[in-house]
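Presented below is the structure to which this report refers.
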Amino acid sequence: MPPVPPYPVFIDSHVIGGFGRGSSDLGIPTANIPASDFLASGIPKGQTGIYFGLAKISGTYGTLVRHSSPEENGPKPPATEIVRTEKSIVPEDGVVLPMVMSVGWNPFYGNSEPSAEVHIVHKFAEQFYGADIKLAVLGYIRPEQNFASVDALIEEIMNDIRKAKEFLAEDGFKQIESNEFFK
Ligand code: ADP
Ligand code: RBF
Ligand code: MG
């Protein structure tokens, strides 16, 4: 089955700093984008939860400098700054890859601000804060949930990744890779 309206929804954004927990707590890094870019995307407002689709990184990136630790901020993200380099992310620059995306308040962590974050199903050699990120959101998987343990959260994310791969293998998804949006 091809993407069902309102999908595909295309989002043109850039990678910002988050809480710094994705890699350290979960071993699942997520490229955060401004939540406002998600809200402006045409997906029905307030639809928090877990999505799947395709992502493309391009442009130059930089190093993230954190001005405080996540612990000092509690449920608010730490202030960050991206110090740009002129390097682009190779060999992934311009390559369209599968992704899963989480939007909302992360009930497991009780954040006080909504976040939008993308885990790209690919092993990168380095981080790419500040890079351009283009997303094709192709479907909704489930609402956000709370969990009894970090391991239960990780297990559910692995399940989301499995489902995303299954959906993306279906007819009608592969050709979105060659959509004009990703050119
Ligand atoms: P933060 O809370 O600052 O987003 P994370 O640990 O969630 O910290 O992610 C750190 C960064 O890791 C992302 O911004 C991105 O630059 C990089 N990264 C490396 N591999 C991936 C991947 N497979 N998917 C998404 N981001 C990745
Ligand atoms: N956080 C939650 O609190 N509940 C969830 O159900 C949840 N599902 C997620 C699903 C995916 C595919 C991803 C990438 C993240 C999910 N998260 C969820 C967010 C997770 O808590 C977050 O990535 C880390 O806190 C790092 O920012
Ligand atoms: Mg993140």
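Every position in the sequence shown, counted from 1, becomes a number in our numbering once 2 is added.
We treat Cβ as the ideally placed atom computed from N, Cα and C, and that holds for glycine.
Computed from a predicted structure; not experimentally measured.
DSSP three-state call for residue i: helix, strand or coil?
i      : result
Asp39  : helix
Val85  : strand
Arg144 : strand
Val98  : strand
Asn161 : helix
Ile18  : strand
Would you mind giving the Cβ-Cβ distance between residue i and residue j, rounded to the nearest angstrom? I have them listed as a contact below 8 Å.
i      : j      : result
Gly20  : Asn34  : 4 Å
Phe12  : Ala166 : The pair is not a contact, with the Cβ atoms about 17 Å apart (cut-off 8 Å).
Ala37  : Ile135 : At roughly 14 Å, the Cβ-Cβ gap does not stay under 8 Å, so Ala37 and Ile135 are not in contact.
Ile178 : Asp162 : That pair is no contact at about 19 Å.
Val123 : Pro93  : Contact doesn't hold; Cβ gap of about 16 Å is too wide.
Ser60  : Ala133 : 7 Å
Pro10  : Val139 : 7 Å
Phe169 : Val105 : Not a contact, Cβ separation roughly 17 Å.
Tyr2   : Gly64  : Within the shown structure, residues of the chain are numbered from 3 to 185, placing residue 2 beyond reach of any answer.
Pro5   : Phe175 : 7 Å
Sort out for me which residues DSSP pairs residue i with in a bridge.
i      : result
Ser90  : Thr62
Leu137 : Ile13, Ala57
Met103 : Tyr53, Val120
Arg68  : Thr82
Asn113 : For Asn113, which the question treats as bridged, DSSP gives no partner whatsoever.
Ile30  : Its beta-bridge partners do not exist; DSSP assigns none.
Could you check if residue i is buried or exposed, using at least 16 other CB atoms within 10 Å of its CB as the buried criterion?
i      : result
Asn148 : exposed
Ser15  : buried
His121 : buried
Ala154 : exposed
Glu119 : buried
Val102 : buried
Ser117 : buried
Val67  : exposed
Less than 7 Å separating the Cβ of residue i from some heavy atom of the ligand RBF?
i      : result
His124 : no
Ser50  : A quick correction: the sequence has Thr, not Ser, at residue 50. No, the Cβ of Thr50 stays beyond 7 Å of every heavy atom of the ligand RBF.
Thr2   : Nothing in the structure corresponds to residue 2, since the chain is present only between 3 and 185.
Glu115 : no
Thr32  : yes
At a cut-off of 7 Å, is residue i close to the ligand ADP when judged by its beta-carbon and the heavy atoms of the ligand?
i      : result
Phe110 : no
Val102 : no
Thr87  : no
Val119 : Checking the displayed sequence, the identity of residue 119 turns out to be Glu instead of Val. It does: the Cβ of Glu119 is within 7 Å (strictly closer) of some heavy atom of the ligand ADP.
Tyr53  : no
Val139 : no
Val17  : yes
Shorter than 7 Å, the distance from the beta carbon of residue i to the closest heavy atom of the ligand MG, or not?
i      : result
Glu128 : no
Gly20  : yes
Gly24  : yes
Please report whether the beta-carbon of residue i lies at a distance below 8 Å from any beta-carbon of chain B.
i     : result
His69 : Any reference to chain B falls outside this structure, which holds one protein chain only.
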